[in-house]
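Below is one structure, written out as structure tokens, with a few remarks after it.
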Amino acid sequence: MYAITGSELLELTEVPDPVPAPDEVLVRVSTAGVNRADVLQRAGLYPPPPGASEILGLEVSGHIEALGSQVAGWTVGEPVCALLSGGGYAEKVAVPASQLLPIPDGVSLRDAAGLPEVACTVMSNVFGAAELQPGELLLIHGGSSGVGTHAIQVAKAFGARVAVTARNPEKLARCAELGADLLIDYSYEDFVAALSPHGGADVILDVVGADYLPRNIDVLAVGGRLVVIGLQGGRKGELDLGKLLGKRGAVLGTTLRARPTYGLGSKAEVVSSTREGTWPMISSGAVKPVIDSVYPLAEAGAAHDRMTSGGSVGKILLEVG
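One point on numbering: in the UniProt record's numbering, the residue at position 167 of the sequence shown is 167, and numbering is uninterrupted.
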């Protein structure tokens with residue numbers, strides 16, 4: 001486990017405007033999304049990948065201000081949202097054109113800032129790595145988080161069943177409103193006991209890591225897939241390989257930020273599949289952004305405190321422009 005402190009150290013400062021590379025666009029930022037990775041980076045626990053901006057922020061919405069010489073298919077002034085490797089807590093950010101997404105129909109420019117990270121995370125893990133199928137049961141740990149609230153809606157729209165863990169009745173009620181079928185309060189309920197009568201989980205989306213590893217294996221259905229995308233409960237756990245083999249199960253670990261920009265398994269591939277698979281669900285209204293709160297950029301520390309308090313449901317945003 002780790003303790004997170006130091007939100008009071010965040011401050012606004014002047015830096016040079018970024019200059020887009022030939023394959024990049026310059027976006028004037030309207031709103032930035034807040035993610036747990038930002039909190040970890042601030043605490044020195046999650047450094048940016050080589051070449052990425054050291055400024056916090058993994059997703060934004062805004063308007064295109066300039067195009068790199070090799071960029072086609074986008075226009076100056078166009079409203080967009082974008083998946084970043086860093087740099088979102090700023091007035092301007094340079095981003096590869098392959099990581100841009102249009103604003104979905106019916107979604108405000110502000111709320112769109114909360115979509116790229118969660119949508120790409122869910123698409124690449126639940127549907128890419130784990131290959132969730134209609135009718136299967138998806139267990140989401142942290143169902144009230146930004147990723148969780150999005151995953152519930154997308155999985156239901158896809159025809160899957162959804163179970164979630166969350167900490168209190170209010171959060172579980174919000175998950176139920178979004179379509180979750182099975183609600184588990186982890187403060188007093190054991191998710192293994194809760195799901196065993198249902199045959200276990202075909203896919204588990206886990207942000208906890210080590211603390212949940214043995215029980216996640218226990219609750220996997222035959223042929224089940226456990227996808228670990230976070231380590232809030234530690235890095236090292238004990239894995240019973242006999243149980244895993246007996247269930248013909250799989251344990252998968254993935255990250256999004258460290259993926260290459262282009263090529264096999266790249267951010268460009270993830271963004272493309274997300275636009276193709278998830279954006280129509282959002283434009284139809286089947287999937288909606290879930291926004292917990294919005295803070296001015298100058299109050300980024302308070303936004304981080306809101307995230308670490310455990311009280312938020314959905315995405316926390318920062319208004320920039």
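Cβ atoms here follow ideal geometry from the backbone N, Cα and C, with glycine treated the same way.
Use the C-beta contact count for Y2: other C-beta atoms within 10 angstroms, 16 or more gives buried, fewer gives exposed. With a pLDDT of 35 at Y2, under the threshold of 50, the predicted position of this residue should be treated as unreliable, and no value is reported.
For the stretch 220 to 299, list the beta strand (DSSP E) runs that are entirely contained and at least 3 residues long, ordered along the chain. 220 to 228, 250 to 253 and 291 to 296
Buried or exposed for S309, please, with buried defined as at least 16 other CB atoms from any protein chain shown within 10 angstroms of its CB. exposed
Smallest Cα separation from residue 342: which of N168, A90, G68 and P50? For the chain, the structure presents residues 1 to 321; residue 342 sits outside this window and is missing.
Residues near P296 in its chain [Cβ-Cβ closer than 8 Å; skip 5 each side]: L318 and E319
Taking H63 as part of the beta strand (DSSP E), name the residues at either end of that continuous run. E59 to L67
Compute the beta-carbon to beta-carbon distance between D202 and E136, rounded to the nearest angstrom, for a pair I have assumed lies under 8 Å. 4 Å
May I ask you to report which of helix, strand or coil DSSP gives L56? coil
Beta-carbon within less than 7 Å of V93's beta-carbon, same chain only, minus the 5 sequence neighbours each way: which residues are those? P18, V27, V29, V60, L84 and G87
Between the CA atoms of S196 and V219 - distance to the nearest angstrom: 7 Å
Local conformation of G106 per DSSP, three classes: coil
By Cβ distance below 7 Å, which residues in the same chain neighbour V95 in space, the five residues on each side in sequence not counted? E24, V25, V27, A82 and L84
Quick one: what's A163 bridged to in DSSP? L139 and L182
Where the beta strand (DSSP E) containing A32 begins and where it ends: E24 to V34
Answer yes or no: do L239 and I204 have a C-beta to C-beta separation smaller than 8 Å? no
Does the distance from the CB of V270 to the CB of L252 come in under 8 Å? no
Can you tell me whether DSSP reads L9 as helix, strand or coil? helix
Please go through the same chain and pick out, in chain order, the residues whose beta-carbon is closer than 8 Å to the beta-carbon of G6, but skip the five residues on each side of it. R42 and A43
Within 8 Å, do at least three Cβ pairs link the stretch 139 to 151 to the stretch 162 to 177? yes
Let me know if Y212 comes out buried or exposed under the rule of 16 or more other beta-carbons within 10 Å of its beta-carbon. buried
Can you grab the Cα-Cα spacing for the pair A302 / I316, in whole Å? 11 Å
Under a Cβ-count criterion, where at least 16 other Cβ atoms within 10 Å of its own Cβ denotes burial, should T75 be classed as buried or exposed? exposed
Per DSSP, what kind of secondary structure is E131 in: helix, strand or coil? coil
Measure how close the beta-carbons of G283 and D105 come, nearest whole angstrom, since I'm counting them as under 8 Å. The amino acid at residue 283 is misidentified as Gly; the sequence shows Ser. With a Cβ gap of about 4 Å, S283 and D105 count as contacting.
By Cβ distance below 6 Å, which residues in the same chain neighbour Q232 in space, the five residues on each side in sequence not counted? V207 and V208
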